[in-house]
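Scroll down for the structure; my scribbles are underneath it.
Numbering (the working numbering), first residue to last: 3 to 299.
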């Protein structure tokens, strides 16, 4: 496919991509940029190379919406393997322990409640988190000590789908910043054994499902979704018709722009016209994102 130069900057919105195993998230973005002749694109949440599933790619202006997507919960399906420990806590790592005890299903079920709700988690040493500007996995691979701080995460749902020892298949809905391989590691350690993640598939981000995603070989401009599909969960403010152009030209937002005399706080708000057209997003009473043209559907 070839997109004319005059068209490339008109492509704005998001693509739902079904990432294949072996691809990096950067690989996917590069393919999208190349196929659609885009100058700017980014992804809303990294997937490890061995992982598959939903990756949202944001195009041109919509790349600014990454912060919004970090507010959305993620859902995964994963296969844990008990009895073996890997350096990276996933299938790509070197085996450092084998022959560890295989837990029973009842043991596992008793542990699940302690990994549900608001919990503290220490990410894997082989994560992409930065320590003084250096990725943790770079430090770990070079043999340096990695000291990552615990972080608060939320596990909304933790379901056992199947257990055929030593393989445990689970479905997990969680907040951004959750490391599934750390969940496997900690679940096993609580039972005095070891585990790693063999398979990992992201099935949803917010209301966006893998069922609506395409392989990179299938993408086209017709598959692009309008950015307003991403912000249905954010409160909405309605802008007067005669204030739309001033807004698009950067005139500072104030209450006189509103069609309805509503109060608004230092938070995210979607801005829409009286006709329901998506105009942009307000954050802390300032423009976070302004759409320069009418939204796609």
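Glycine included, every Cβ here is placed at the ideal spot set by N, Cα and C.
Task: Under the three-state DSSP convention, the category residue 280 falls into - done: Working through the chain shown from its first residue, we reach residue 280 at position 278. Residue 280 falls in the strand class under three-state DSSP.
Task: Ordered list of beta strand (DSSP E) runs contained in the region 188 to 269, each at least 3 residues - done: If one requires a minimum length of 3 residues, the beta strand (DSSP E) runs lying completely within the region 188 to 269 are 197 to 207 and 238 to 241, in chain order.
Task: Inter-stretch contact (C-beta, 8 Å, three-pair minimum) for the region 240 to 248 and the region 34 to 43 - done: no
Task: Contact check, residue 143 vs residue 128, beta carbons under 9 Å - done: Working through the chain shown from its first residue, we reach residue 143 at position 141. Working through the chain shown from its first residue, we reach residue 128 at position 126. Contact flag set, yes.
Open item on the list: Using the three-state DSSP reduction, which class does residue 289 fall into: helix, strand or coil?
Closed with: Within the chain shown, numbered from 1, the residue matching residue 289 stands at position 287. In the structure shown, residue 289 sits in a strand (DSSP, three-state: E or B).
Open item on the list: Just to confirm, is the Cβ distance from residue 120 to residue 155 under 9 Å?
Closed with: Here residue 120 refers to the residue found at position 118 of the chain shown. Here residue 155 refers to the residue found at position 153 of the chain shown. Yes.
- [ ] Out of 19, 104, 264 and 228, point me to the one whose CA is closest to residue 195's CA.
- [x] The count along the chain shown starts at 1 and reaches residue 195 at position 193. Selected option, being the one with the closest Cα: 104.
Task: N-terminal and C-terminal residue of the alpha helix (DSSP H) that residue 308 is part of - done: The structure shown does not extend to residue 308, since the chain is modelled only from 3 to 299, so the question has no answer here.
Task: Limits of the alpha helix (DSSP H) - the one that residue 108 falls within - done: The residue labelled residue 108 in the question sits at position 106 within the chain shown. From DSSP, the alpha helix (DSSP H) with residue 108 extends over 107 to 113.
Open item on the list: Just to confirm the assignment, what range does the alpha helix (DSSP H) spanning residue 70 have?
Closed with: The count along the chain shown starts at 1 and reaches residue 70 at position 68. Here the alpha helix (DSSP H) through residue 70 covers 68 to 71.
- [ ] Identify whether residue 182 lies in helix, strand or coil by the three-state DSSP scheme.
- [x] Translated into the one-based positions of the chain shown, residue 182 becomes position 180. Residue 182: helix per DSSP, three-state reduction.
Task: Nearest-angstrom Cα separation, counted from residue 58 out to residue 223 - done: Along the chain shown, one-based indexing puts residue 223 at 221. Along the chain shown, one-based indexing puts residue 58 at 56. Answer to the nearest angstrom: the Cα atoms are 15 Å apart.
Open item on the list: DSSP has residue 140 in a bridge; who is on the other side?
Closed with: As a working note, residue 140 is residue 138 in the chain shown. Note: residue 140 sits in no beta bridge, so no partner.
Open item on the list: For the beta strand (DSSP E) containing residue 77, name the first residue and the last one.
Closed with: As a working note, residue 77 is residue 75 in the chain shown. Run containing residue 77: 76 to 84, per the beta strand (DSSP E) assignment.
Task: Option nearest residue 115 by Cα separation, candidates 226, 189 and 124 - done: What you label residue 115 is simply residue 113 of the chain shown in a count that begins at 1. The option with the nearest alpha carbon to residue 115 is 189.
Open item on the list: Using the three-state DSSP reduction, which class does residue 117 fall into: helix, strand or coil?
Closed with: The residue given as residue 117 occupies position 115 in the chain shown. The answer is helix: DSSP assigns residue 117 an H, G or I state.
Task: Beta-carbon spacing of residue 276, residue 242 below 9 Å - done: For the purposes of this step, residue 276 is identified with residue 274 of the chain shown, where counting begins at 1. For the purposes of this step, residue 242 is identified with residue 240 of the chain shown, where counting begins at 1. Yes.
- [ ] Within 10 angstroms of the Cβ of residue 13, are there 16 or more other Cβ atoms? Answer buried if so, exposed if not.
- [x] Taking the first residue of the chain shown as 1, we reach residue 13 at position 11. Residue 13 should be labelled buried.
Open item on the list: Assuming residue 49 is part of the beta strand (DSSP E), what are its boundary residues?
Closed with: Against the chain shown, residue 49 aligns to sequence position 47. Taken as a continuous stretch (DSSP letters only), residue 49 belongs to no beta strand (DSSP E), as it is neither H nor E.
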